[in-house]
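Notes for the one structure printed next.
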Ligand SMILES: N[C@@H](CCC(=O)N[C@@H](CS)C(=O)NCC(=O)O)C(=O)O
């Protein structure tokens with residue numbers, strides 16, 4: 010989803026292959042594209058790039074005119090830091106609140122454990138800091154849509170589908186992600202999928 014949003018939001022032409030990562034039969038196909046055996050994977054001519062943040066960096070290099078990272082060095086530094094923080098952390102939240110766009114918004118059945126609450130607090134602090142310091146000229150973390158928004162889009166959906174109570178600035182940012190044209194297209198396609206994930210639906 011993350012690099013998909015950057016490509017789609019900027020109308021960069023690409024072909025998409027959708028694989029069910031929970032179907033064991035997909036593994037061989039994924040491994041045929043990338044030795045890491047994980048998605049997403051971008052194939053750009055001779056270059057294969059895997060990992061959502063690596064793909065976003067590659068797109069930022071290839072399309073510098075899109076300003077996928079903010080230009081201002083301080084904003085850029087914070088955008089990269091919080092993107093990396095999102096990428097490598099928040100394990101309790103990821104486990105307790107897996108992304109599930111089909112979920113009818115409701116709190117997790119087990120409630121919010123202390124470590125999940127701490128993750129949510131940190132994520133909201135990130136939203137507030139970025140929006141307050143650098144986001145005042147637009148709806149996104151750094152004003153204009155950026156790679157950082159791609160990195161936080163999945164968690165923005167989780168905050169909504171697990172009915173997390175947010176203060177107004179954080180709720181407004183979650184709304185901005187949901188209002189992206191690219192996000193709406195992604196969600197519409199996701200809702201058409203017939204695959205189910207019972208262990209996610211049980212939470
Ligand atoms: N750090 C990686 C995470 C990659 C990852 O865990 N991808 C999952 C889907 S979100 C996957 O491919 N899982 C399939 C598997 O582990 O077999 C990224 O964001 O690109």
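In our numbering, the protein residues as written are 10 to 212.
Idealized CB from N, CA, C, for every residue including glycine.
(request) Please work out which residues of its chain come closer than 8 Å, Cβ to Cβ, to residue 211, disregarding the five sequence neighbours upstream and downstream, and give them in chain order. (result) Here residue 211 is taken as the residue at index 202 of the chain shown, counted from 1. Closer than 8 Å at Cβ, skipping near neighbours: 118.
(message) Less than 8 Å between the beta carbons of residue 143 and residue 151, yes or no?
(response) In the chain shown, the residue the question calls residue 143 occupies position 134. In the chain shown, the residue the question calls residue 151 occupies position 142. Yes, they are a contact pair.
(request) Would you please verify whether the beta carbon of residue 46 is less than 8 Å from any beta carbon of chain D? (result) The structure shown contains no chain D; it is built from a single protein chain.
(request) May I ask you to check if the CB of residue 186 is nearer than 7 Å to at least one heavy atom of ligand 2? (result) This structure simply doesn't include ligand 2; it includes ligand 1 instead.
(request) Please list, following the chain, all residues that have a C-beta closer than 5 Å to any non-hydrogen atom of ligand 1. (result) 30, 47, 48, 60 and 61
(message) Tell me the residue span of the alpha helix (DSSP H) that contains residue 76.
(response) Against the chain shown, residue 76 aligns to sequence position 67. Looking at the DSSP string, residue 76 is not in any alpha helix (DSSP H), and its letter there is neither H nor E.
(message) Within a Cβ cutoff of 8 Å, which residues of the same chain sit near residue 195, ignoring the five residues on either side of it in sequence?
(response) As a working mapping, residue 195 is identified with position 186 in the chain shown. Cβ neighbours of residue 195 beyond the five flanking positions: 10, 13, 14 and 17.
(message) What would DSSP say about residue 58, mapped onto helix, strand or coil?
(response) Here residue 58 is taken as the residue at index 49 of the chain shown, counted from 1. Note: residue 58 maps to strand in three-state DSSP.
(message) Helix, strand or coil for residue 51? Go by DSSP, reduced to three states.
(response) For the purposes of this step, residue 51 is identified with residue 42 of the chain shown, where counting begins at 1. Correct three-state label for residue 51: strand.
(message) Using a Cβ distance threshold of 8 Å, determine whether the stretch 27–38 contacts the stretch 179–189, with at least three qualifying pairs required.
(response) no
(message) For residue 23 and residue 132, I'd like the C-alpha separation in whole angstroms.
(response) Against the chain shown, residue 23 aligns to sequence position 14. Against the chain shown, residue 132 aligns to sequence position 123. Looking at the two C-alpha atoms, the distance is approximately 31 Å.
(message) Can you give me the C-alpha to C-alpha distance between residue 165 and residue 204, rounded to a whole angstrom?
(response) The residue you call residue 165 lines up with position 156 of the chain shown. The residue you call residue 204 lines up with position 195 of the chain shown. Cα to Cα, residue 165 sits roughly 22 Å from residue 204.
(request) Just grab the DSSP bridge partners of residue 153 for me. (result) Walking along the chain shown from the start, residue 153 turns up at place 144. DSSP lists 151 as partners of residue 153.
(message) Please classify residue 141 as buried or exposed, where buried requires at least 16 other C-beta atoms within 10 Å of its C-beta.
(response) Here residue 141 is taken as the residue at index 132 of the chain shown, counted from 1. The residue in question, residue 141, is exposed, as its Cβ has fewer than 16 Cβ neighbours within 10 Å.
(message) Please report the distance separating the alpha-carbon of residue 91 from that of residue 135.
(response) By one-based count along the chain shown, residue 91 stands at place 82. By one-based count along the chain shown, residue 135 stands at place 126. Rounded to whole angstroms, residue 91 to residue 135 spans 7 Å at the Cα level.
(message) Suppose only complete runs of 3+ residues qualify. What are the beta strand (DSSP E) ranges in the stretch 117–149, listed by chain order?
(response) none
(request) Measure the C-alpha to C-alpha separation of residue 51 and residue 69 and round it to an integer number of angstroms. (result) For the purposes of this step, residue 51 is identified with residue 42 of the chain shown, where counting begins at 1. For the purposes of this step, residue 69 is identified with residue 60 of the chain shown, where counting begins at 1. The straight-line gap from Cα to Cα measures roughly 13 Å.
(message) Beta-carbon within less than 7 Å of residue 147's beta-carbon, same chain only, minus the 5 sequence neighbours each way: which residues are those?
(response) By 1-based counting over the chain shown, the position of residue 147 is 138. So the qualifying residues of the chain are 153.
(request) Answer yes if the stretch 93–113 comes into contact with the stretch 64–84, meaning at least three C-beta pairs across the two stretches below 8 Å, and no otherwise. (result) no
(message) Helix, strand or coil, according to DSSP, for residue 204 in the structure here?
(response) Here residue 204 refers to the residue found at position 195 of the chain shown. Looking at residue 204 - three-state DSSP - the assignment turns out to be coil, as it is neither helix nor strand.
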